[in-house]
Each structure stands twice: as C-alpha cells, then as structure tokens.
Amino acid sequence: MNISINWIREFVDLPEEIGSELGKRFTLSTCEVEDISVINEHLQKVIVAEIVKIDNHPNSDKLHLVTVNKGKESQQVVCGAPNVRVGMKVPFAPLGTTLPGGLTLTPKEIRGVVSEGMLCSEAELEIGSDDSGLKEFPADAPVGVSLAEYLKRPSDTIFDIDNKSITHRPDLWAQYGMAREFAAVFKKPLRNPFDGEWQKQLEERLGKGASPVSVTVDDDCACKIYCGLYVKNVTIGESPDWMKARLNACGVRSINNMVDISNYVMLELGIPNHIFDASQIGGSRIHVRRAGSEQTFVTLDGTEREILPRDTMICDAEKPVAVAGIMGGLDSGVKETTTEVFIEVANFTDAEIRKTSTRLGLRSDSSIRYEKSLDSQLVRRSSLRILDLILQLCPGAEPVGSQVIAGCDNVPYRPLVIDITCGKIRAVLGTGFPSDAEIVDILERLDFSVENRNGMLRVTVPSYRATKDIECDADIIEEVGRIVGFDNITPEAPLTRIEAVRLSLPKQLHRKIQDFLVLEGRALEVMTYPMIGEKLLKKTEWPDLNEKLVLKNAISRDNDRMRPSLIPTALQTAALNAKNFSSFRFFELGRAYTGDEKNFSAEKNQLVVGFFDRKADSFLPLLNTVEKMFDYLSYPAVIEETGGSNTVLPKEWSGVHPYEYADIRVMGKACGALFTVHPSLTGSLKIRGKLALAVIDLSGFENIKPKDKVKYKPLPKYPGSLFDCTVIVPRTAAAAETLRALKSVRYKELESIRLVGVFLPEDPDVKWVTLRASFMDPDKTLDGAFLEEAQNRIVAELEKAGFPLKV
Amino acid sequence: MLKKIEQIKNDFYKALETACGTQADLSKLKADFIGKKGAVADILKNMKEASAENIREIGQHVNRLKSEIEAVIDSKIREAETALINEKLKKERIDISLRDSLTDRGLCDAGYHPVTLIQREVEDVFTSMGFEILDGPHIEDDYHNFVALNIPEHHPARDMQDTFWFSDLQHLLRTHTSPIQVRGMETHRPPFKFVGPGKVFRNEATDASHEMVFHQIEGMMVDRNVTVSHLIYFMKTLLSEIFGRTVEVRLRPGFFPFVEPGFELDIKCLICGGKGCPVCKQQGWVELLPCGMVHPNVLKCSGIDTEKYNGFAFGLGLDRLVMMRYGIDDIRHLHGGDLRFIRQFKAY
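Chains as they are written, first to last, in our numbering: chain G, 1 to 807; chain V, 1001 to 1348.
Here it is in structure tokens:
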C-alpha cells in the first residue's frame, strides 16, 4: 500500500525533509516501509511555455526549430512533434530536469543544432497516456508557471508499505490511520478534521424524512451494518486536480468525480463503499441477503462470476446489484447522465468475504480491507465524508432524507476495556522504561483512553482497533513496546534453573547412524522429496500406490502423494547418479508414510543405504557395513541369509535378487532387508551395474535405549590352541553352512570357529573350505586328550553334515 | 708372546680382507680368532709359560685384541644384514604414488547433507543453552497446524501459508514447525525450553529460491517472568554462534497470530556491516527470523496458566542459513539427490 506524505501532512506536521531515517523509524515502530520514492519532482521544473515562432530545421524535414516564450525570456529548442503550432501553450522542460524515464536533460546537438531543453508530451511527463504529440494546455494557461503549480500536482514522497506487515491492522489501510501512527511515533499532534463539530454540521444538511431507498439486511447474511444515503442534483464530471493528485499518488486512476470520491474516502478512512446510480435501484429498495436462485452475476469488470447460495449479495427489489464487499455489478455504478446517487457504506463479516473472494479469485481493494475485519462504528462517519466531498465538488447537490442504517451492529457500542499495570508492561519488555507517564502518553497518542491509578491502567480500546487486533493485555504491551522501539531493549540472559539436557534416543541413534555411515561406510547423505508420484511407484514396480495419502492440491503429478517407503526414491537417486559415477555409496534417513483404517497416517523413520558399482559386487560390502553399524549402535541385530518376512518390503515386490538377499532382525523384530536389486529392475531403470540396498525401519527400536553389554574379562594366563581343518563342500552351498553344522559343538574352552579360506579346485562341483577353531582355558593349559576329543568331534560333525575332510 | 699377539692381529685383518663378507663367513672368522678354539684362546692356554709379571701385561693385550676383533666382526655382520634387508626391500618396492585420491575408483567421497551439518550446529547451540530437542509428525491436523496457534478458519494469516491438504480436507502437511510447539506444550509442564527442527511443506511454485519442502527450527521458552529482553539475548547468542562472530540484531513489529507482541528479527548485514549493499538491498539489515512473546491464547489452548507463565517463541529457516553459509544459488539442490552436489560437502 502507498502512503502519500502530502496527504499525511494534512493531519500531522512532519519535518520538511522526509529521509530514509524517518522511514526506518516507521519500520521499527509500525510496519515495513519497503521503499521511499519521490513523485512529480520533475513537474516542479517543467513550466508552461507558449510557442511564438516556428522555423524549419536546416538539416531535417521533420524537425523544427521552435521558439518558446518562457515568461521572462524566450528560447529556441529543436522539436519533432507533429502538432507544433504558433500560439500553442505547451510544457517546456529546462536543462537539469530529470524526466520520469530517468533521463536528465543536458545540452544536446540534434542534426547540427544545439537544443537546450525539451517540449514534452503527456506520456513523457507521466501526466497522461497520450504520446502522439506535445501536450497542449488551454489558451489561458499562465506562461512561466511550473506544472506542479498549474496542474496542482505537487511533488510528493511515497512510502511503499509491505501489505503483509499490516494484515492485522485494518486501521492502517487508510491514510488517516497511517497519519495517527506518524503522530504517535514522532510525538506530533494529530489533527482530526472529522470531529464532532464537523459531523454535526453535515448532519444538519441531511433531509428530515426517511430515505427514498429502504434498506433491509437479512440476519443470516454476512452484512453487519449497512448505511445508505440518498443525494440528488449531482453532476458527473471531472475531479479537481488536488483529488486526482492524491489518487494518483496512491496508484488509483481518476475516472469521474463520483467514482473518485468513493475511492478517495476508502483510501482516506479505510472503509470501502459504493456509489450507486439511484435510478438503477429497482423498487427503491436495497435488500442485503444470501444469494438465492441466482447462479451467475456480471461484475463491474464485465466478467461473469459463479455465485453460490451462501454468498451475500446486495440486491434491489428484483435482482442482485453487487457481490457484497467485493465488487459492484456491471450496471450499478454512476454514468455520465446520473443525477441522483445512493451511497452505500457497509461492513461485512471478514471470514465470509474472504471465503467468497478466494473462491472467485477476485481480490479487490474492497475485499482486501473487509478481510481484515473492519469497524462497524466507522460507517456513519465515512458516509458523511462522502457527502462532504460531494457537496464540495457539486455545490448544487442535496441529500434526500436521512441516513438509513440497518444490520445487527446497529446497536449501542460497548467498548473493549483492558486492565493492565505499568509494572507488567515493563516486566514483559524486560526494561526499566518507559515511565508510567510515558506509557499513558503513548497509549493516548494511539487514541486509547486511559484511566491511571498509581500505575494501574484501565485502557479503553478504540473501536477500530478492537475488531480483531487488540484483545488482551499482551496487545497493550505491544503497543507500548513498538512505540518505545523494540530495538532499544538491551539483551539480557534470564536467571533460570539449570537442567541436564540430552538428545532424545531417536536423535542420538540418527546421529550415530549418520556418523557411522559417513566415516566407516564411506557414504554420502542425501535427502529426497517425501512426496512422490504414481509414475515413480510404477517405474520401480512398487505394488502399494499409497492412494490414501494423496494430496488434494499437489503442485504436480510427480509429487502428489506421500512415499510409502524410501526405496522408490533411493532407486531414483541411484539411477540419477549411475549416469555420472562408476561407483558410489549413499544413504537417506527419512520418513515413510502409511495410513490404515484406524489412523489417518503413520510416519516411520526409515534408513536406506545404497551401494553401487558398475562391475564389482555391492552386496557383501553393504552387508559388512550394516553388520558393523549395528555393532557400533549396540543393538543386537541378526542378518540372516535364509530370508523370511519383514516389515519393509511388500511380498509382491519384484525388485529383489533371488539369491543376494537377507533379512535384518533387530532386537528380535524383522524390521529390515538387505538385497541386491533385481537386474531386471535395475535394467528398466537404466542403472547399469550392481546396486545393493539396505532398508531398515527404525521405528521399532529407536525409542529403546540399547544396553551396554561390554563386560571385562581378565587377560588369559595360559596359551590357547588353534585347530585348522579343510573340508569338501558342494560348490553351490554357502561356505557358512559348515559353521551352521557345528552349532551343536559346545565346549567352554571353544572360543570361536571361523572361516579361514575358500579354495576352488578343478572339480567344478566342489569347493574346499578351511575352518579354524580356537580353544582357550583361562584356568589351565589345555590338555592334549581334551583337544583331540574336541577336534575329532568337529570333524565328525562336519562329516555328518556332508562336508568330509579333505585328505 | 706380544709378538704373537701382534701376529694374530695382522692375520685377522688379512683374513677379513679376503673374506667374502657373507654372514656365515664372518661368523666363521669370528670363531677362528676369538672362539673357544680360536687363535686368541691358544695364547691364553700358553700363558702358563709366561712370567708372572708378564701375565698382567699380556692379559691386557689379549683382551684388547679380543674386543677389537669382536667389534669389527659385529659391525661387519650388521652391515651384511642391512644389505640383505635392503636388497629384499628393493625387490618388494611398492608404488607409493598410487594413493586413493589420485585413483579413479568411482565416487569415494563421504559426507553429511549440508542441512544436517547446519541443523546439528543449531541443535548443539540450543542444547548447550538447556533446550530440549523435540520432533513431530509431518502430516498434521488442522488443529495443531492452525487452530491451536490462534489461526482459526478463514483467518487472513492462512493466506501466508500455502497449505498442502489431503483429500479428507482435515489433514495437511505441516506448513511450519510450530505444531511441534503445540505438541511440546501438550506433553510438558512449565517451566520448559525446547526446539523442534524439521521439514515443512508449502504449496508454492518452485524456483531457485522457493521450494515446496524445506527446513525450519522452531523454539520456545516458557517460564515465570520471561521478557522480550531474554528473547533478544537468546537470538543474539544463537546467531553469533552460528555466524562465528558477534551479530547485531534488532526487532521490529511483525505480525504472526501465535505471538503478541510479534517481531521480525533483522541482523546487521554481515557483508557490508550495515552500510548498505546489494545483499541487504541497501537496507543495512537482513530479515532473518520471526519471533515474539507467545500469545496468551496459544498458551491457554494448551492448558498453561497465563497468570503465572509466559514465554517467547521463534522460528528459523535452516535452508536459508545453509545457502548463506555455502553460497548455494539454487534451493532445489537440497532435495535433488544429485551426488555431484552432495559430494561438495564431503567429510573426507
């Protein structure tokens, strides 16, 4: 929104120079000033001049040498405009003028003739849109006078306010409201031209009887109050220059005096209004009601709008004439022939206006203000201000009947009163200032009335601040704080109880996982979108399309639902990077989203780790990493090749390799899987190489504290003994089958049995597996008889399982 | 006798010259001269023949000769051993230039996501100041995302939040981390201090500086007599820690329905020091985070006695910090999964 400083000066005395410091102070106390600019500065320099002589340019057919009378002296300039004529009054821009386009005039040679200054068109001066030739002023225009003076377009400073910073302040959507802030922030008196005396004078001009147009407001509609006023003998015409200048400064185009008055009052007092051509109001009746059978309505801008039965419409006896609070109908406004008008100033429920305007996609200056929750107490004053201006612009105009007022807010107003102490204000701000007297002064400047009893304040809130913004004591503290300047508060540490704070168990776990996978797993951490599309799920052959968690208003079909697993996005990540790297490792800690009958949604933290290599096996390196990771995390975990069921892969998913697969059980729960992605899937995803994935649902154990099971054992005092043996194993069997065969061999002296090596002999059906058993007795040297017995047992068990000793 | 000793000495050096220098040769030489049956031992055997006064002198000479021979031989043996090892090392020599960093073994970098790096830093600053770290669901209901934060239906503030809704129109993707606050207040009794970092979602067109998924950290402190001055203290401390130098902050009025008074917190531009530059749009200050004193309605909604307690709350965009720290020009990289991007933040 634009603030016109000239307009503000009508209500407050501000310093001559309006600099960025002033803007900064306003930003710190009221709302964000995004930009400060000066308009019409050039019009101070451009003057009215009269063409006295036209000579041909020596070197051009189209250009002329024009001599103008500037008042005291005359001057010759080069001009190419087609409409030059002796006797014409035109705008002359002297050297040094900076035109709105940014060009600063300097002496310039045009085809061999030096021109000092320039004759301008409307468009060049931005006082109109015509760029076909020189702007021509009436014959009586005074030569030598600046355009600022002649056109009554003084230069003005414009504050561009960020609308977002005043969403909670309906009173600031008006120049007068802003002026009140300037007065409070800079401690200047506020001039209120709309006082009781002014009101009384205007009310005396009103007619005595009832208004010729009757007004009915239905209880169930969005209208809170409606104030109508009938005025006759109105002449439609152009607005005076001062009014045009104000509208122009606020970015509003001048149309005619009635439309301009309507806009002017909205800009000045912040209350939207509509001036009807009274002859268009059928049956001389206004009926504010919810739309009934109407389904469409053509608004002022010529667009046909869809109307729902719950929308509130302003209607006459027969038909709707405006969408309440948003926009008038096509034929409702004044025309050149209008002589009698009906002024509507009303207030509507914020939420209803918002609902309708959002649905229609129509945010007008009016609806933007109504959405902020306006004050019903202000409609009479605004209606009188419109009358005031009509009487000024059309001296013959005359109100017919009195103001007609209806609606649920047309009852005596009970102001909002808040009790607060000055001590509390200072305590919450955390400062020793401001003093009681300063607090009262600040509040009074903001139009609050204050009863002060030894620092206990009884604050009466002005009606226009109480519609939503000010509700409780915290709001009063804000008022004081912002005027004092929050930037003047010194930071101070609180005196507070010290308590031990640790990361939550899941957070500790997540950090340890990240640390391990980065430092030991040699992997890069990625993040992918939690929202994915059906396309990706289909491409990755994922059977669950997660239809329950589809977004109503997704940005694109590629991100229209929550991911049921981290696997599809991991596959996407692998496919993206397989193009650029011959091998890589990555992981993501993220959420998988599901829903069921009972709960709308469930979110589970998942870990997915991916190892990729164009040639080498990825499965075993991944398995080793994950196995070590669980050791590091101190959670008991088993990675079993046999494979069973788990909670992370749907049974029907075809993406798993038939042999390179293992389930991950953590604390007894089958909550993960580790596998090579089936080559047919990597093939269709154009991942050329071996991709192994581990996916683990962390939700089953992340809230359980892992037990530290480390127990110290004294170092051995007696030597141990190793026993190696090599057995023949079928080529297709897993080497670890030999270890499984020895599960029943248990001696307290047997520390471990491990695989030492696998050798592939010429015989293609077998392989040789070497095992090593390690024996140790902490209390004595092992005796030979025991060792022999144990070794024989091992060999016997292996033979029983079909793995004979290689001799 | 002394002559004989001199003779042995000469014989030894002659033999040493002719010896081929292997360890075995040298050991034999040592045995021949100073072994039990060696030349020196022979002399000692014949000592009886010498006169008593000579015994002392001869003994000294013999011992000296013995030490000399021993030292010479041992040093020769060591030389031979070293030569042998060196020969072996020469044969076993590896190419020490073939280090991982010079070899193409695919992508071998490892590291954290940049958001993780910054988030941990911020979390650590807060835990060090006694703030607990909470978490919450991404899929929220209307109550926790809006209503409990003093944003009822059709409140204009909902305009500022472009919300992703689910088909039931009851559930949504949280538009800010503030629902973590609401849930935190449901489970904690004052006094408390906590922060809630995490992903948030906004339905807006994406471009280099706008994302539909990004990260925030939300925090609040509720206690008796919490002041605006405390809020500024915590924010200034946090930001000074993050930027690694003292940061100047200022508060100006800002409207957020869940705080009252509400502020926009600006930091003095770190690029120009407040003089004005393109980064701060010539303002000298950069808008960084919204904050304020928790609105009494919000506290009441969670059953906190506003007569006794009050507090402050704030929200901070993490992605913005990440982008500022590393000079990232396109926010979309953060969720893009492209390792060419991620590897730039490698830990090693």
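Note that the Cβ used here is the ideal one computed from N, Cα and C, for glycine as well. Keep in mind it's a predicted model, so treat the numbers as computed, not measured.
Query, Result
"Just to confirm before moving on: does the CB-CB distance between I532(G) and N553(G) stay below 9 Å?", "no"
"Are there 16 or more other CB atoms within 10 angstroms of the CB of D1266(V), so buried, or fewer, so exposed?", "buried"
"Compute the beta-carbon to beta-carbon distance between L607(G) and F587(G), rounded to the nearest angstrom, for a pair I have assumed lies under 8 Å.", "7 Å"
"Between the alpha carbons of V1322(V) and T1237(V), how many angstroms are there, rounded?", "18 Å"
"Quick one: is V1122(V) near chain G, going by C-beta distance under 9 Å?", "no"
"Which residue spans inside the region 46–78 of chain G form an unbroken beta strand (DSSP E) run of at least 3?", "47–56 and 64–69"
"Using a Cβ-Cβ cutoff of less than 6 Å, which residues in the same chain neighbour F1263(V) once the five nearest sequence positions on both sides are dropped?", "L1251, G1254, C1291 and G1292"
"Where does R511(G) fall in DSSP's three states?", "helix"
"Going by other Cβ atoms of all chains shown within 10 Å of its Cβ, with 16 needed for buried, is Q175(G) buried or exposed?", "buried"
"Where are the beta strand (DSSP E) runs, 3 residues long or more, that stay fully inside the region 566–610 of chain G, in chain order?", "583–594"
"Please classify V1249(V): does DSSP put it in a helix, a strand, or coil?", "strand"
"Quick one: grab the DSSP three-state call for K1090(V).", "helix"
"Distance check for F701(G) and A670(G), CA to CA, integer angstroms please.", "11 Å"
"For V1125(V), which three-state DSSP category applies?", "helix"
"So, is Y1112(V) buried or exposed, given that buried needs 16 or more other C-beta atoms within 10 angstroms?", "buried"
"Over what stretch of residues does the alpha helix (DSSP H) that includes G177(G) continue unbroken?", "Q175 to V185"
"Quick check: is any heavy atom of the ligand ATP less than 8 Å from the C-beta of R1099(V)?", "With respect to small molecules bound, the structure shown includes none, and the ligand ATP cannot be examined in it."
"Flag this pair as touching only if the region 1014–1022 of chain V and the region 790–806 of chain G have three or more C-beta atom pairs under 8 Å; answer yes or no.", "no"
"Under the DSSP definition of a beta bridge, which residues are partnered with Y661(G)?", "F675(G)"
"From the DSSP secondary-structure annotation, give me the bridge partner or partners of L229(G).", "I343(G)"
"Between the Cα of L1169(V) and the Cα atoms of D1142(V), M1185(V) and A1157(V), which residue gives the shortest distance?", "D1142(V)"
"Kindly indicate which three-state DSSP category M88(G) falls into: helix, strand or coil?", "coil"
"Closer than 9 Å, CB to CB, is T1127(V) near chain G or not?", "yes"
"Of the residues H678(G), N646(G) and K512(G), which one's Cα is nearest the Cα of E660(G)?", "H678(G)"
"Does the distance from the C-beta atom of D777(G) to that of Y712(G) stay below 9 Å?", "no"
"Considering only the beta carbon of each residue, do S565(G) and D596(G) sit closer than 9 Å?", "no"
"Output the distance between the C-alpha atoms of E1204(V) and I555(G), rounded to the nearest integer angstrom.", "7 Å"
"Strictly under 9 Å for the Cβ-Cβ distance: is C120(G) near chain V by that measure?", "no"
"Taking the alpha-carbon positions, what's the P154(G) to K45(G) distance?", "11 Å"
"Scan the region 1224–1255 of chain V for residues whose Cβ lies nearer than 9 Å to a Cβ of chain G and list them as they occur along the chain.", "N1225, V1226, T1227, V1228, S1229, H1230, L1231, I1232, Y1233, F1234, M1235, K1236, T1237, V1249, R1250, L1251, R1252, P1253, G1254 and F1255"
"For R453(G), report the span of its beta strand (DSSP E) as first-last.", "S449 to R453"
"D1338(V) touches chain G at which residues, Cβ-Cβ below 9 Å?", "V526, T573, L576, N577 and N580"
"Taking S367(G) as part of the beta strand (DSSP E), name the residues at either end of that continuous run.", "Looking at the DSSP string, S367(G) is not in any beta strand (DSSP E); the run it does join, the alpha helix (DSSP H), is D365 to Y370."
"For G282(G), which three-state DSSP category applies?", "helix"
"What number of angstroms, rounded off, separates the C-alpha of L1231(V) from the C-alpha of N624(G)?", "49 Å"
"In the DSSP assignment, find the unbroken alpha helix (DSSP H) run with L750(G) in it and report its ends.", "Note, L750(G): premise wrong, no alpha helix (DSSP H); beta strand (DSSP E) at L750 to F759."
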